[in-house]
Amino acid sequence: MAPVVYEGAAVVPAHQLVKPVSRDIFPDGLKTTGQHPPLYDQLKPFSEFPQEITGPTVWKAEEYKNNPEKWTHRLTDDEVAELSDAADAFLAGQIPLTGISKGNFPLPKLSAFLAELYKDLVDGKGFILFKGFPVKEWGNHKSAVAYMGLGTYLGYFVSQNSRGHVLGHVKDLGEDAAQIDKVRIYRTNARQYFHADDCDIVGLLCIAKALDGGESDIVSSHSVYNALAKERPDVLETLIQPIWYFDRKGETSVGEEEYIKTSVIYLENGGKGRVYTKWDPYYVRSLTRFSDAGIIPPLSAAQTEALEVLEATCNRLALHMVLDIGDIQFLSNSQVLHARTAYTDYPPPAPRRHLMRLWLATPEHEGGWKLPFWDSDEKKRGGIQVNDTPPVAPLDGE
Ligand SMILES: [Fe+2]
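First residue of the sequence shown: 1444, per the numbering used here; consecutive thereafter.
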């Protein structure tokens, strides 16, 4: 069947494919492609979506709740020693952290485990929790090197914001979460509803915990899809229509629109034809500055209901997880949604809750999902890139 062409279809011309970039700006020679609209002519209508999804990406919290050994890997002494040696050698080489890659961060033993993990993240259940990363012993600099080095085996790090942060810091920086059109929630202590980050795989390394809250919930978006297909196919259809405007919160390059009109749930092109979810309710709720001015339509009653039903279904099916200091959670955004509870930090001088975040990209030619976006085969697909902002890897929130 021919693809359905939706109104306003715009195919990004091939000349926008990434040109060679300056290594003076991008030390590993790769630039994050950033956010953009989908290829509208590749979006599929509801009628082409599966009635039920099967396979390892569909899981239930009950399978894992009392079996943490199924999704936890405690680093062995040998693995920690290998990471430590690679980090020390990298630091001695005085290469900028933004230039780290598999080539300059050899892990001859751990790499076999990471290759298996890559498959499970991309094609399987889509999550893991590492334990025993010695952040206190190593301190923030060496921990950041070892963490980013480990990450290079799971994808290409991409920029996470307009500042070019490729090492993100999830920390309450005192910004006002009520200002949702300007503030990124990861820089506050507010609750985060179920969402996917703007990348293929997200990593969170716990450096410091909150006094209370800040706990993690994850859910198989394929289990959520199956529940909706049975209980509320109307909601699913609303989520599949490309009628959703997502805010870019001002993180735009010259000439780009302030929002992206797209779907919440997509069908993978070719390949395995899997269902892909890209969602964040904060980003669709924050656009009243444009809808009040009549520039875009406000959320319809059906959309408002769809986002409420989606959140409730995620909550019902979620697996709860607590990150302790030295834990690393890796999640695949393609088939897993995540949330976190609001939190309260310890009073000073105790450190505030602090997670180091990695956003990683998995291009098609390395086994990544075939997505209806022009950059699906780019190494640093996704992320947030504003103009030629160089990547930076600060060691703390800024
Ligand atoms: Fe997130």
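The beta-carbon is built from N, C-alpha and C at its ideal position, and this holds for glycine as well.
What is the DSSP secondary structure of residue i, reduced to helix, strand or coil?
| i | result |
| --- | --- |
| W1687 | strand |
| V1707 | coil |
| Q1485 | helix |
| V1662 | strand |
| K1579 | helix |
| Y1719 | strand |
| L1417 | The first residue shown for the chain is 1444 and the last is 1841, placing residue 1417 beyond what the model contains. |
| Y1449 | Caution is warranted here: a pLDDT of 41 is assigned to Y1449, below 50, making its placement in the model unreliable, and no coordinate value can be reported. |
| L1610 | coil |
| M1533 | It should be noted that the sequence gives Phe, not Met, for residue 1533. F1533 falls in the helix class under three-state DSSP. |
| V1697 | coil |
| D1770 | coil |
| Y1725 | helix |
| V1765 | coil |
| V1523 | helix |
| V1588 | helix |
| V1464 | coil |
| V1501 | coil |
| V1835 | strand |
For residue i, I'd like the list of residues in its chain whose CB is within less than 7 Å of its CB, leaving aside the five on either flank, ordered along the chain.
| i | result |
| --- | --- |
| I1538 | N1547 |
| Y1789 | L1654 |
| K1625 | K1692 and G1693 |
| T1515 | L1572 and K1574 |
| A1593 | The sequence given here has Leu at residue 1593, not Ala. Answer for L1593: L1526, listed in chain order. |
| T1720 | A1639, S1664, V1707, I1708 and L1780 |
Terminal residues of the continuous beta strand (DSSP E) containing residue i?
| i | result |
| --- | --- |
| G1826 | Looking at the DSSP string, G1826 is not in any beta strand (DSSP E), and its letter there is neither H nor E. |
| R1800 | H1797 to A1804 |
| K1574 | F1570 to K1574 |
| R1732 | Per DSSP, R1732 belongs to no beta strand (DSSP E); it is in the alpha helix (DSSP H), T1731 to S1734. |
| R1517 | T1515 to R1517 |
Ignore the nearest five residues each way along the sequence and tell me which others in residue i's own chain have a CB closer than 6 Å to its CB.
| i | result |
| --- | --- |
| L1597 | Y1561, I1644 and L1803 |
| Y1688 | Y1702, K1704, L1730 and I1739 |
| V1752 | R1675 and V1678 |
| H1763 | D1660 |
| K1822 | L1473, Y1599 and P1806 |
Who are the near neighbours of residue i in its chain, counting only those whose CB is closer than 8 Å to its CB and skipping five residues on each side?
| i | result |
| --- | --- |
| D1531 | K1585 |
| G1713 | K1813 |
| T1595 | I1543, S1544, K1545 and F1548 |
| A1535 | none |
| P1837 | H1608, L1610 and H1612 |
| P1570 | Rather than Pro, the amino acid found at residue 1570 in this sequence is Phe. W1514, L1564, I1661, Q1772, F1773, L1774, S1775 and V1779, listed in sequence order. |
| V1501 | S1663, H1665, S1666 and N1669 |
| A1558 | Y1596 |
Starting from residue i and walking both ways along the alpha helix (DSSP H), at which residues does that stretch end?
| i | result |
| --- | --- |
| A1755 | A1744 to L1760 |
| L1557 | L1553 to D1566 |
| S1777 | Note, S1777: premise wrong, no alpha helix (DSSP H); not H, not E. |
| T1475 | Segment: none, T1475 is in no alpha helix (DSSP H) and carries neither H nor E. |
| A1785 | Taken as a continuous stretch (DSSP letters only), A1785 belongs to no alpha helix (DSSP H), as it is neither H nor E. |
| T1541 | Run containing T1541: none; DSSP gives neither H nor E here. |
| K1652 | It is not in any alpha helix (DSSP H) - K1652 carries neither H nor E in the DSSP assignment. |
| Y1596 | Neither: Y1596 is in no alpha helix (DSSP H) and is coded neither H nor E. |
| K1508 | A1504 to K1508 |
Would a check of beta-carbon distances place residue i closer than 8 Å to chain C?
| i | result |
| --- | --- |
| E1674 | Of the chains in the structure shown, none is chain C; there is only one protein chain. |
Pocket of ligand 1 (residues with CB nearer than 7 Å to any heavy atom), chain order | Cβ-based neighbours of ligand 1 within the cut-off: Y1629, Q1635, H1638, D1640, V1645 and H1781.
Length-filtered (3 minimum) beta strand (DSSP E) runs lying within the stretch 1608 to 1649 = Taken in chain order, the unbroken stretches of beta strand (DSSP E) that lie wholly in the stretch 1608 to 1649 and span 3 residues or more are 1611 to 1613 and 1635 to 1638.
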